[in-house]
Each structure stands twice: as structure tokens, then as C-alpha cells.
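Q:
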Amino acid sequence: MSGRRIVVTGLGGELGSLVGSLLEEDSSIGEIVGIDTNPPRRRLRRSAFHLVESSDRDRISTIINDANPHVIIHLGVWEPHARLNTADAKLHTEQLGEAVFETAHGLPALESLVLRSGIEVYGSLAYWPHQPNEHQALEPDSEFGHMLLALEHRAAELAMERGTSIAMLRLASVVGKHVPSPLGRLLRLPAVPFNPFGAPQFSVIQDNDAARAFIAAAKHQPHGAVNVVAPGSISIPQAASIGRRITLPTIGPAWWFAKSLSGLAGAPMPDHIVQLLMHGRSAQPGRTEELLNFVPEYSTHEVINSLYEWPSV
């Protein structure tokens with residue numbers, strides 16, 4: 022990536038700050054420009070950061086146009102109930118996405134865009150024991166899944182109009198030491214609801230591994246979707262036993278009560294997390310090594326083990 026200018030949206034979030042710090046370690050990279058509604062959570066020395074509201078389309082466009090990047094890493098995606106409720110997360114994601122993609126169409130130097138997506142776009146096709154590959158149909162059945170698919174559609178339009186290389190990284194649930202994760206909060210409650218039928222399992226991705234995947238995508242500039250999923254899977258009872266949590270068998274209408282009680286306990290459950298608890302969620306990670314020359318360092322079991330050693334976020 023020698024001399025390339027890079028714009029990172031969402032640089033203020035934990036994942037964005039990790040990506041920014043990894044970019045700064047590569048002295049061959051040129052200018053790094055960051056945009057977010059909150060300041061970075063890590064100290065970044067080389068990045069030019071701009072604090073901006075997601076609704077300020079003109080300013081966002083000006084910042085990106087002035088940077089004239091070769092690569093855009095679009096991490097400006099708000100997972101429902103990570104930091105914002107579902108309605109606000111959707112609004113911020115849509116506003117920033119519209120500004121970024123509208124501006125991207127007119128950037129003279131733009132070669133590639135790396136998009137943060139998620140395996141939620143597969144909907145029920147990713148319920149356990151199914152593990153879809155990147156060619157599986159996209160049938161989201163959660164608000165977060167629809168948010169991500171809308172971004173993928175915008176990215177596809179950009180690729181068709183100007184031939185820009187688009188890498189859509191479909192992440193499993195991101196879990197990390199400082200990541201505000203609705204799944205991570207839920208698993209750290211004293212009691213965790215689970216589906217007692219079928220032992221559905223799920224996969225995650227550690228935040229450092231996710232950040233490394235974005236760096237690899239920016240470097241290799243693949244075109245298409247890539248599932249970024251840690252090896253292995255785990256059930257809710259297995260995860261809860263690692264953290265010495267109580268498990269609560271939950272069926273039918275009891276899920277409504279579990280969702281309400283979880284919210285009162287400080288761990289709101291958006292619909293994509295309820296679905297994970299009820300049905301599991303995973304995907305095949307087969308193309309990461311082929312397209313990104315990258316493999317996750319941590320397995321799902323290792324990430325969950327670490328989860329219970331970290332402070333709550």
C-alpha cells in the first residue's frame with residue numbers, strides 16, 4: 022500500500038481505532054484520514070481525525086473529497102444496542118453510508134472500498150447447523166441484517182458504475198476486551214437464556230482478528246464478499262459454563278420475558294441477538310486465506326474464554 026491515501030470511517034469506535042493503529046504501524050502508507058461521531062478510543066499519532074455528525078453530509082463529503090483516497094475502509098456501522106438503540110443505530114448507519122457512497126462515486130483516485138458487513142445478511146440460512154458460504158442467497162430477517170444488506174447494495178452499485186474493487190467483509194459477532202457488544206454483555210449476565218432444543222451453536226470473531234482482516238483487504242483489494250469467522254463454534258450452555266453462569270432454558274413466549282429482563286439488567290437484546298440465542302449463527306470462513314492471505318489467530322472457544330477475563334463494556 023505504498024503511498025496510498027486511506028479514509029477510515031468509524032475511526033472513533035473500538036474496531037476503527039484498532040484498524041487505525043495497525044495502519045499507522047505501516048510506514049509505507051500515505052495519508053490516513055478518519056471520520057466518526059466520537060473521538061478515537063486509542064491514541065493515534067499519524068491519522069488526521071475529523072469529528073463530524075453522521076447527518077452532516079456536506080462536511081463528510083468535503084473531508085473525503087479533500088483526502089481523495091485510494092482506499093476507503095467503511096467501518097461506520099452501528100450495531101443495534103452496542104452503543105445506540107436500534108432506531109438510532111439504523112439512522113446513523115444510513116446517514117453516514119449515504120454520504121460516503123455518494124461521495125465515492127466522484128473520487129478520482131479511488132481504487133477500492135472495504136465494507137464492514139456481517140453474517141446477519143444470511144438470515145435463517147446461517148442458523149445452526151447451516152454454515153453458508155459467500156455464494157449463499159441473502160435473506161436477512163433482523164434489522165441489523167437489513168442494515169448491512171442495504172450497505173452491500175450501495176457498494177455493489179459503486180462497483181458497477183465505476184469498476185471500483187469492493188471487499189465486503191461479513192463478520193461474525195465481534196467480541197473484544199473493549200468492544201461494546203450486545204452479545205458480550207449478555208453472556209456476562211449472571212443468568213443466560215438459551216434454547217434447550219437442538220443445542221444451536223454460534224461463532225464469533227475477536228476484535229484484533231477483525232481489524233487484521235480489514236488491513237489485509239485494504240492491501241490485497243479483493244472483489245466480492247468474504248466471511249470473517251473464527252474457527253469453531255460453541256453453544257450458549259458451553260459458553261455459560263466457561264464463565265460459571267447460570268443457564269435458563271427458554272421456549273416460546275418466555276423469550277419475551279427474557280428479552281425484557283435482559284434489558285433491565287443492562288444488556289438489551291436486539292432481534293439479531295435473540296435469533297442467535299434461539300437458533301445459533303455461523304458461516305464458512307473458507308475464502309479469508311485465499312482472498313486476504315489472512316487466517317484468524319483466535320478460535321471461537323478462545324475468544325469466549327477471554328471474554329470472561331475482560332471487564333464489562
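In case it helps, the numbering used here puts the sequence shown at residues 22 to 334.
Every residue gets a Cβ at the ideal spot worked out from N, C-alpha and C, and that includes glycine.
#1: Would the beta-carbon of leucine 207 fall within 8 Å of that of isoleucine 294?
#2: Mind listing, in chain order, the continuous beta strand (DSSP E) runs of no fewer than 3 residues lying wholly within the region 84-144?
#3: For isoleucine 255, would you say it is in contact with chain D, using Cβ-to-Cβ distances shorter than 8 Å as the test?
#4: Can glutamate 45 and isoleucine 56 be called in contact, C-beta distance under 8 Å?
#5: Under a three-way DSSP split, which group does methionine 299 fall into?
#6: Starting from aspartate 57 and walking both ways along the alpha helix (DSSP H), at which residues does that stretch end?
#7: Please classify histidine 95 as buried or exposed, where buried requires at least 16 neighbouring CB atoms within 10 angstroms.
#8: Is DSSP giving leucine 190 helix, strand or coil here?
#9: So, using beta-carbon positions, are threonine 185 and leucine 117 closer together than 8 Å?
#10: For alanine 88, which residues of its own chain have a beta-carbon under 7 Å away from its beta-carbon, when the five flanking residues on both sides are left out?
#11: So who's on the other strand from valine 349, going by DSSP bridges?
#12: Should glutamate 160 and arginine 308 be called a contact, given that it needs their Cβ atoms to be closer than 8 Å?
#13: How many angstroms separate the CA atom of glutamate 35 from the CA atom of lysine 198?
#14: Comparing alpha-carbon positions, which option in Ile236, Phe235, Pro221 and Ile226 lies nearest proline 258?
#15: Just confirm the distance between the C-beta atoms of leucine 170 and leucine 136, as a whole number of angstroms; I'd bet it's less than 8 Å.
#16: Measure from the alpha carbon of serine 145 to the alpha carbon of each residue in Glu178, Leu297, His322 and Ser320, then state which is nearest.
#17: Based on Cα-Cα distance, which residue from Leu285, Glu100 and Thr58 lies nearest to arginine 80?
#18: Within 10 angstroms of the Cβ of alanine 108, are there 16 or more other Cβ atoms? Answer buried if so, exposed if not.
#19: Going by the beta-carbon positions, is the gap between alanine 193 and valine 142 smaller than 8 Å?
#20: Near proline 337, which residues of its chain fall below 6 Å by C-beta distance, leaving aside the five closest residues on each side in sequence?
#21: Quick check on the DSSP output: the beta strand (DSSP E) that includes leucine 146 runs from which residue to which?
#22: Mind checking who proline 270 pairs with in its DSSP beta bridge?
#23: Closest to leucine 128 by CA distance: which of Asn86, Tyr148, Val98 and Gly264 is it?
#24: What does the alpha-carbon distance come out to for the pair leucine 328 and arginine 183?
#25: Using a 10 Å radius around the Cβ and a threshold of 16 neighbouring Cβ atoms, would you call glycine 219 buried or exposed?
#26: Would leucine 269 and alanine 279 be called neighbours here (beta carbons separated by less than 8 Å)?
A: To lay it out plainly:
#1: The count along the sequence shown starts at 1 and reaches residue 207 at position 186. The count along the sequence shown starts at 1 and reaches residue 294 at position 273. Their beta carbons are under 8 Å apart, which means leucine 207 touches isoleucine 294 by this criterion.
#2: 92-95 and 133-139
#3: Structure shown: chain D not included; a single protein chain is present.
#4: Numbered from 1 along the sequence shown, position 24 holds the residue referred to as residue 45. Numbered from 1 along the sequence shown, position 35 holds the residue referred to as residue 56. No, they are not a contact pair.
#5: Translated into the one-based positions of the sequence shown, residue 299 becomes position 278. Helix at methionine 299.
#6: Along the sequence shown, read from residue 1 onward, the residue named residue 57 stands at position 36. Counting along the chain, aspartate 57 falls outside any alpha helix (DSSP H), though it belongs to the beta strand (DSSP E) covering 53-57.
#7: Stepping through the sequence shown from its first residue, residue 95 is reached at position 74. Buried, because 16 or more other Cβ atoms sit within 10 Å of the Cβ of histidine 95.
#8: As a first step, residue 190 is located in the sequence shown; it is residue number 169 there, counting from the start. Correct three-state label for leucine 190: strand.
#9: Taking the first residue of the sequence shown as position 1, residue 185 is located at position 164. Taking the first residue of the sequence shown as position 1, residue 117 is located at position 96. Contact: no.
#10: Counted from its first residue, the sequence shown places residue 88 at position 67. These residues qualify, in order along the chain: Arg26, Val28, Glu52 and Val54.
#11: Lying before the first or after the last residue shown, residue 349 is absent from the chain, which here runs from 22 to 334.
#12: Here residue 160 corresponds to residue number 139 of the sequence shown, with the count starting at 1. Here residue 308 corresponds to residue number 287 of the sequence shown, with the count starting at 1. Remark: C-beta atoms of glutamate 160 and arginine 308 do not approach each other more closely than 8 Å.
#13: Numbered from its first residue, the sequence shown carries residue 35 at position 14. Numbered from its first residue, the sequence shown carries residue 198 at position 177. About 9 Å.
#14: For the purposes of this step, residue 258 is identified with residue 237 of the sequence shown, where counting begins at 1. It is Pro221.
#15: Numbered from 1 along the sequence shown, position 149 holds the residue referred to as residue 170. Numbered from 1 along the sequence shown, position 115 holds the residue referred to as residue 136. Their Cβ separation, rounded to whole angstroms, is 11 Å, which puts leucine 170 and leucine 136 out of contact at 8 Å.
#16: Against the sequence shown, residue 145 aligns to sequence position 124. Ranking the options by Cα distance to serine 145, first place goes to Leu297.
#17: Within the sequence shown, the letter at position 59 stands for residue 80. If we check each option's Cα against that of arginine 80, Thr58 comes out closest.
#18: For the purposes of this step, residue 108 is taken as the residue at position 87 of the sequence shown. By the neighbour-count rule (16 or more Cβ atoms within 10 Å), alanine 108 is not buried but exposed.
#19: Within the sequence shown, residue 193 is the residue found at index 172, counting from 1. Within the sequence shown, residue 142 is the residue found at index 121, counting from 1. No, they are not a contact pair.
#20: Because the chain spans 22 through 334 in this model, residue 337 falls outside it and cannot be assessed.
#21: For this step, residue 146 is matched to residue 125 along the sequence shown. Note, leucine 146: premise wrong, no beta strand (DSSP E); not H, not E.
#22: Here residue 270 corresponds to residue number 249 of the sequence shown, with the count starting at 1. Beta-bridge pairing links proline 270 to Phe215.
#23: The sequence position of residue 128 within the sequence shown is 107, counting from 1. Closest option to leucine 128, Cα to Cα, is Asn86.
#24: One-based indexing of the sequence shown puts residue 328 at position 307. One-based indexing of the sequence shown puts residue 183 at position 162. Counting only the Cα atoms, arginine 183 lies some 42 Å from leucine 328.
#25: In the sequence shown, the residue the question calls residue 219 occupies position 198. Burial check for glycine 219: the Cβ neighbour count within 10 Å stays below 16, so the residue is exposed.
#26: Indexing the sequence shown from 1 puts residue 269 at position 248. Indexing the sequence shown from 1 puts residue 279 at position 258. Yes. Within cutoff.
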